Amino acid sequence: MSDRVMADMPLYDKLSILSDAAKYDVACTSSGVDRKGDGTGMGNCSRSGICHSFSADGRCISLLKILFTNECIYDCKYCVNRSSNDVVRASFTPEEVCDLTMEFYRRNYIEGLFLSSGILKSPDYTMELIYATLYRLRYVCSFQGYIHVKAIPGADERLIRLTGFLADRMSVNLELPTAEGLRLLAPHKSRKNILKPMRLVQEKTRENRQEIAVYKNAPRFVPAGQSTQMIIGATPETDYQILNVAEALYKKFDLKRVFYSAFVPVNSDKALPAIREEGPPLLREHRLYQADWLLRYYHFEAKELLDEENPNFNVFLDPKCCWALKHLEFFPVEVNTADYRTLLRVPGIGYKSASRIVKARRLGRLEFNDLKKMGVVLKRALYFLTCGGKMMYPVRIEEDYITRNLLNTKERLPEGTEGMTYRQLTLFDDMNMAAVHSAGTDFQ
Amino acid sequence: MKQVYICNDTVTGICSALYDAWKEERHGEAGIELKGKIQQQLFCEYKTVIETEQKSESLQRMIKRNLGYNAYWDVYHAILSDDARKGGAVFRMMQEARRLDDSTKIMDHLGNPDVAKVFELSRRVSNEAHVYKEFIRFRELESGALFSEISPKSQVLTCIADHFSDRFPLENWMIYDKTHGAFLVHRAKERWRLVWGEDLEEEAASRVSEGEKKYERLWKGFFESISIRERENPKLQQTHLPKRYRREMTEFL
Ligand code: SF4
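Listed in order, the protein sequences are those of chains A and B. For reference, each letter of the first sequence is one residue, going 642 to 1085 in my numbering. For reference, each letter of the second sequence is one residue, going 450 to 702 in my numbering.
Structure (structure tokens):
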């Protein structure tokens, strides 16, 4: 393997190889921490995160996303860098990573660094290199921008802890939603091994919170929290299983974010699904993100959105609409009196509009006209709301009728997921079509 | 007869006009029009405002004191927008605030069309300012200083000044707003300044450092290789990053 490592490879080529190899990692946000510069170095962080560009696939570029090395002793079936693949291998030096980060940051190309890595020699050896890089970036280059770093499963706990004090966010990838999936596709990894550093980061974060409470200047341990990601569609799990896993991670591991990555085949392997003619399962990925949002900001629980009988999201309607249609007894709700959490459950009302409504109605009764200015999407919300006891139009609160109407108001899907033809839709035959049974014909 | 105050399209100009209007017409009707963008109306009396920093500052203090900092923030941003009716909207919003029991709640009163207008303008400007925090690109000049050119619709320079000062405290940098002919200038370890009425020295601004070309090329290479071919989606890219910004972005040049 190492004979494929070229000595003195130009930096340009290294960067191409090691960013190309990192691109399947979906987390590129720089959010979760607010930090001003202290005037002695370069950089700061802003809580909501900053995107700096958008690549040709329409994804945000916020961080310099690279692998430290694409050498790897493991052989995960879904990964380009697996040891059995014959690809050109390259490794950065800590100095090179620091130089690229600083010079890109100065030009406002990036918000910081996302450093992942293949396993070079051993987990400890790799983690040490990562630590050395971050140490240099923070203390030699005085970099105060955002750093997202991977904790390498199997590495010495002390190394992971030390690294955590230099990073803003740490992540360990769950890779596949279930232990079974992992056994199938990543023979060198185990669920236990992955959850261990996750637990470590969680415990250290809690401990750190107390340290900070006691003395304010205690160093911060991963202040932007930890995240993880799962590959969607490489193994046969249902959306229900996946969402339950996500929920458990939020509740039991205090994760800040769970990312979902539509499977893109890069290797052909009999353990992997065949290449889909229609490309990666982007709509499915999108539905999972919508549902994830409902878990984090709308006080929904996984079991409210899906169950054993309906284990997958609807192709035609977003998860919130689906929930509302199954719970018509809950509606209509009165805009002028319903509490915040109730408003959150109304399709067409986002969490920002819900809080604007709550504030604005203290100053006077709200009419349907006012709602528009607050960002409410009326063409969806109108079936579920009253203003002063009246609905906007005389509508029937009846599942088939509302379903048909909601299907006619086009959902704003991200480009690329919406150009789906019926032929492609039939490929989602494992999805739940029951709720749109009567109206689904509109699409044929 | 309705009094119309004419001023320059700057913070000082509009705030001076608001100051005069508030002093003379707060119980009546007043218009605020921008030089060069005046819409003549019948039955109005036009008056050119004498613009001073004192008036402007005193008006801004008054807004902060009476309407609270959040409303001030919205007013300030609205004033930087490229909408010719911004002054009038702010004036009537201030009048509306007087009618409330608690004037600091004025921005929650979105049922009022002028409040809604100020809110909308403020959002538009702060969104644009945010976009420039994202998309501004600096190049390193021979002197080592960082330089950037932008063409914003609103006067966003003062909205992004603190952000970049905090971020690059030890660097000399400058951002040139081509639309409004203004410069934001930051010297290492000093406070930023806004400079009007200077010309850009095109030649000096185009002499970049040796390292500049190297890092531009590295960045462009990264920009290419980070995209996933199977997910390629120019329309989505376009939604997030409209073409008009790309003319000033390294990776698209
Ligand atoms: S550990 Fe597995 S997923 Fe990570 S680089 Fe190695 S082969 Fe790829």
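Where a beta carbon is used, it is the ideal one built from N, C-alpha and C, also for glycine. Quick caveat, the model's predicted, so the values are computed rather than measured.
Problem set entry | Within chain A, the residues that B/I585 reaches when beta carbons sit closer than 8 angstroms | Simply N749.
Problem set entry | Proximity winner among B/F584, B/Q489, B/K486, relative to A/F695 (alpha-carbon distances) | B/F584
Exercise. Alpha helix (DSSP H) containing B/K684: first to last residue?
Worked result: 683-689
Problem set entry | 7 angstroms Cβ cut-off: residues of chain B touching A/P921 | E679, R680
Exercise. For B/L702, does the count of other Cβ atoms within 10 angstroms reach 16, so buried, or fall short, so exposed?
Worked result: exposed
Exercise. How would you list, in chain order, the residues of chain A whose beta-carbon sits under 8 angstroms from the beta-carbon of B/A520?
Worked result: Correct list: empty, because the minimum Cβ distance to chain A is about 13 angstroms.
For this session: Report yes or no: is there a C-beta of chain B within less than 7 angstroms of the C-beta of A/K655?
Result: no
Exercise. The alpha helix (DSSP H) with B/C608 in it runs from where to where?
Worked result: 606-616
For this session: With a threshold of 6 angstroms, establish whether the CB of A/C669 neighbours any heavy atom of ligand 1.
Result: Of the heavy atoms belonging to ligand 1, none sits nearer than 6 angstroms to the Cβ of A/C669.
Problem set entry | Alpha-carbon spacing of B/A610 relative to A/N834, whole angstroms | 46 angstroms
Exercise. For the candidate residues B/E697, B/E651, B/T461, whose alpha-carbon lies nearest to that of B/K504?
Worked result: B/T461
Problem set entry | Of the listed residues A/T1027, A/A875, A/M839, A/V842, nearest to A/R1006 (C-alpha basis) | Of the residues A/T1027, A/A875, A/M839, A/V842, the one whose Cα lies closest to the Cα of A/R1006 is A/T1027.
Exercise. How would you list, in chain order, the residues of chain B whose beta-carbon sits under 7 angstroms from the beta-carbon of A/H927?
Worked result: Within 7 angstroms Cβ-Cβ: nothing; A/H927 doesn't reach chain B, min ~11 angstroms.
Exercise. If you follow the beta strand (DSSP E) that A/I873 is part of, which residue opens it and which one closes it?
Worked result: 867-873
Exercise. Is B/D615 close to chain A, meaning its C-beta is less than 7 angstroms from at least one C-beta of that chain?
Worked result: yes
Problem set entry | ligand 1 heavy atom lying under 6 angstroms from the CB of A/N722 | yes
Problem set entry | Listed by chain order, chain B residues near A/C692 by CB distance under 7 angstroms | E583
Exercise. Are the CB atoms of A/A663 and A/K706 nearer to each other than 7 angstroms?
Worked result: yes
Problem set entry | Terminal residues of the beta strand (DSSP E) in which A/V1018 lies | Per DSSP, A/V1018 lies in no beta strand (DSSP E) and is assigned neither H nor E.
Problem set entry | Other residues of its chain near A/A1080: CB distance less than 6 angstroms, five sequence neighbours each side excluded | Only weak support is given to the placement of A/A1080: the predicted model assigns it a pLDDT of 29, under 50, and the question is left unresolved by the model.
Exercise. What's the C-alpha gap between B/V564 and A/P952?
Worked result: 46 angstroms
For this session: Grab me the residues of A/M1061's own chain with a C-beta within less than 6 angstroms of its C-beta, minus the 5 sequence neighbours each way, in chain order.
Result: Any reading at A/M1061 is ruled out, since the residue's pLDDT is 43, under 50, leaving its predicted position unreliable.
Problem set entry | From B/M623, B/R588, B/K535, B/Y581, residue whose alpha carbon lies closest to that of B/S600 | B/Y581
Exercise. Roughly how many whole angstroms lie between the Cα atoms of A/D716 and A/I872?
Worked result: 16 angstroms
For this session: Round the Cβ separation of A/Y653 and B/G670 to the nearest angstrom and send it over; I've been treating them as touching at under 8 angstroms.
Result: 6 angstroms
Exercise. Going by other Cβ atoms of all chains shown within 10 Å of its Cβ, with 16 needed for buried, is A/G1029 buried or exposed?
Worked result: exposed
Problem set entry | A/Y766 beta carbon near ligand 1 (any heavy atom closer than 6 angstroms) | Because no heavy atom of ligand 1 lies under 6 angstroms away, the Cβ of A/Y766 does not count as near it: no.
Exercise. So, using beta-carbon positions, are B/M623 and B/F632 closer together than 7 angstroms?
Worked result: yes
Problem set entry | Straight-line Cα distance separating A/D933 from A/P877 | 19 angstroms
Exercise. Start and end of the alpha helix (DSSP H) containing A/Q882?
Worked result: 880-894
Exercise. Going along chain A in order, which residues have a C-beta closer than 9 angstroms to the C-beta of B/P691?
Worked result: Simply none; closest approach about 10 angstroms.
Exercise. Among B/R475, B/M698, B/G480, B/N519, which one has its Cα closest to the Cα of B/D557?
Worked result: B/N519
For this session: Would you kindly report the start and end of the unbroken beta strand (DSSP E) that includes A/S672?
Result: Counting along the chain, no beta strand (DSSP E) covers A/S672, and no H or E run does either.
For this session: Kindly list, in the order they appear in chain A, the residues whose Cβ is closer than 7 angstroms to that of B/R666.
Result: Y653
Problem set entry | Residues near A/Y719 by beta carbon distance below 6 angstroms, same chain, minus five either side | L826, A875
Problem set entry | CB contact below 7 angstroms: B/E478 versus chain A | no
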